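Peer 1: For the sequence shown, position 254 (counting from the first letter as 1) is numbered 1126 according to our numbering, and the numbering increases by one without interruption.
Take this structure first; my questions come after.
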Amino acid sequence: MSKNRKRLALGIGCLGFLSSMLSLDQVNAQAPLSLRPTPQEDLPATSRINPGLTGPGPRTPTNASTSSRLPTSRNSSSGVSRSTYSRIGRTPHHFGDTLPPLITLSTKGGQGSADFPRQGYQAPLGGGGSYNIAENNSAIPIDRVYFVYNAFYNAISTSSGFGPSAMRSIDLHRYVAGFEKTFFDGNMSLDVRMPLLSGFDLTNPFYQSEMGNVGNLTMFLKGLVYGDEDIALATGLGLGLPTGSDLVTQTVAPFGSESLVVRNQAVRLMPFVAGTMNLSEDWFMQSFAQMNFAASGNEVANQNGVVGVFNEQHLMQTDIGLGRWFYKDANRRVFTGLAGVFELHYTTTVQDTDTVGLGSNSFLVGNISNAANRQDLLNLTSGLHAQLGPLSALRVGAVVPLRDQPDRVFDSEVQVSFNRKF
């Protein structure tokens, strides 16, 4: 008897459910087309980890109960944070332009003498210097791995003979492997970047200089403070650790056996704010502002011992970019979107350069400093962002300085990057 009652109750429940569905269909059929609900296919589980994993797509309605933070619920089956299906997560990352101001070895003989070059070399410290938060980034915390290649043309220089104008320009190539991992339901992330260098050859008729191939490890802790369908605001702190090699210079015959070492010891602190905004279905913009503080100095030593500590200049860096989607098709399997981006990058030194005298050498005399002293770097970046399915993006960009010497540290730059979300 109890089984029959259960079956009867189940049958009544099913009939009630079917009748309510039929009633809803009749209401929708009678409603105007603009008021009918748009059917939306549920996203695959792999696309719920972070915003934007579905790649470019049409705008979807915002849930009224959605929090101001982007990830709002948790998928109980996979244990990962779900997306709110917002457009803001699909915005392409900023490209960037980074190569910081260079240090200069100025020889004493170069100060008004034709016997030796005015500058021994110009080169970045710490394996290419510290990073800007705007490099291959956005305001949105996300799970990803990435690789970035930068080719800086005529970026460093060294003496090529006698006389103040005998300088040789050298290209610098940098390879960066990194990852970003979210936590706290996707509201924060840790971004870790490790650079490698090639092309650093400062050998000349007077001495040999080397800096190794390993750069400084940089980490960014990023926290989302506001986010909705079209706006994301974040803040955080970057930390640059001196994992790169020292800059070592050794004279060659017949100029004796003198040595000069600029040790890579400085720790850098980089507080920042970032914003990402969708202006329309196709237009978007991003902006970053960062202070770059040298929290410690770099010892300078010769064959007789330490001669001083060189403190790098503090930097203020601001970036803004405007982009547009040229093509979007989330239904394709591979090539799902193409966007173009233009960016402006401004870097300024906020203090005068430090200067360290090189002691009583007979050849490696003079000082270590930033010969340009106060610099205002202004660079323009243009690039293309190709979305390859829901998880991958291939990007190519070019950077040109908009100012002449001394307010430029390279003549041009080419960037290639690949991002893979997970």
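The C-beta atom is built at its ideal place from N, Cα and C for all residues, glycine as well.
All of these numbers come straight from a predicted model, not from anything done at the bench.
1) Considering only the beta carbon of each residue, do leucine 1069 and leucine 1044 sit closer than 8 Å?
2) Going by the DSSP bridge assignment, what does glutamine 1122 pair with across the sheet?
3) Mind checking leucine 1230: buried by the 16 CB within 10 Å criterion, or exposed?
4) Can you find at least 3 beta carbon pairs, one from the segment 996-1012 and one from the segment 1245-1265, that sit closer than 8 Å?
5) Candidates Ala1258, Pro973, Asp1063 and Gly992: which alpha carbon is nearest glycine 1238's?
6) Look up glycine 961 in the DSSP assignment and say whether it is helix, strand or coil.
7) Under 6 Å Cβ to Cβ from asparagine 1001, same chain only, skipping five residues before and after it: list those, please.
8) In chain order, what residues of the same chain have a beta carbon less than 7 Å from the beta carbon of glutamine 902, not counting five sequence neighbours either side?
9) Counting along the chain, where does the beta strand (DSSP E) carrying glutamine 1333 start and finish?
10) Would you identify the three-state DSSP class for proline 1013, choosing helix, strand or coil?
11) Cα-Cα, which of Val1048, Met1149, Met1066 and Gly1095 is closest to isoleucine 960?
12) Which of helix, strand or coil does DSSP assign to threonine 1115?
13) Compute the Euclidean distance between the alpha carbons of leucine 1260 and histidine 965, then round it to the nearest angstrom.
14) On the DSSP bridge list, what partners appear for arginine 1321?
15) Just grab the DSSP bridge partners of glutamate 1171 for me.
16) DSSP three-state label for glutamine 1137, please.
17) Check alanine 1023 in the structure and name its three-state DSSP category.
18) So, is aspartate 1015 buried or exposed, given that buried needs 16 or more other C-beta atoms within 10 angstroms?
19) Report yes if the CB atom of proline 1022 is closer than 8 Å to the CB atom of arginine 1046, and no otherwise.
20) With a CB to CB cut of under 6 Å and the five nearest residues on each side skipped, what residues in its chain are close to leucine 1274?
21) Return yes when the Cβ of threonine 1221 is within less than 8 Å of the Cβ of glutamine 1185, no when it is not.
22) Quick check: what's the CA-CA separation for glutamine 1162 versus alanine 1104?
23) With a threshold of 8 Å, are at least 3 pairs of Cβ atoms found where one atom belongs to the segment 1195-1205 and the other to the segment 1175-1182?
24) Is isoleucine 1028 helix, strand or coil by DSSP?
25) Cα-Cα, which of Ser1029, Asn1076, Asp1283 and Asp1224 is closest to alanine 1125?
26) Out of Leu1109, Gly1116 and Tyr1218, state which residue places its alpha-carbon closest to the alpha-carbon of valine 1086.
27) From the DSSP output, in three-state form, read off histidine 1186 for me.
28) If I follow the unbroken beta strand (DSSP E) through glutamine 1287, where does it start and stop?
29) Tell me which residue opens and which closes the beta strand (DSSP E) that alanine 1211 is part of.
Peer 2: Judging by the given coordinates:
1) Cβ atoms of leucine 1069 and leucine 1044: closer than 8 Å.
2) Gln1080 and Ser1131
3) buried
4) no
5) The option with the nearest alpha carbon to glycine 1238 is Gly992.
6) helix
7) Checking the displayed sequence, the identity of residue 1001 turns out to be glycine instead of asparagine. So the list reads Pro972, once near-sequence residues are dropped.
8) At glutamine 902 the pLDDT is 44, less than 50, meaning the model places this residue with poor confidence; the figure from the coordinates comes in the next sentence. There are no such residues.
9) Outside the shown range of the chain, which is 873 to 1294, sits residue 1333, and nothing can be said about it.
10) coil
11) Met1149
12) coil
13) 14 Å
14) Outside the shown range of the chain, which is 873 to 1294, sits residue 1321, and nothing can be said about it.
15) Its beta-bridge partners are Val1181.
16) coil
17) strand
18) Its Cβ being crowded by 16 or more others within 10 Å, aspartate 1015 is buried.
19) Here residue 1022 turns out to be asparagine, not proline, going by the sequence shown. Yes. Within cutoff.
20) Within the same chain, Cβ atoms closer than 6 Å to the Cβ of leucine 1274 are found at Leu1250 and Leu1252, the five residues on either side in sequence being excluded.
21) yes
22) 17 Å
23) no
24) Three-state DSSP puts isoleucine 1028 in a strand.
25) Asn1076
26) Gly1116
27) coil
28) 1284-1293
29) 1207-1221
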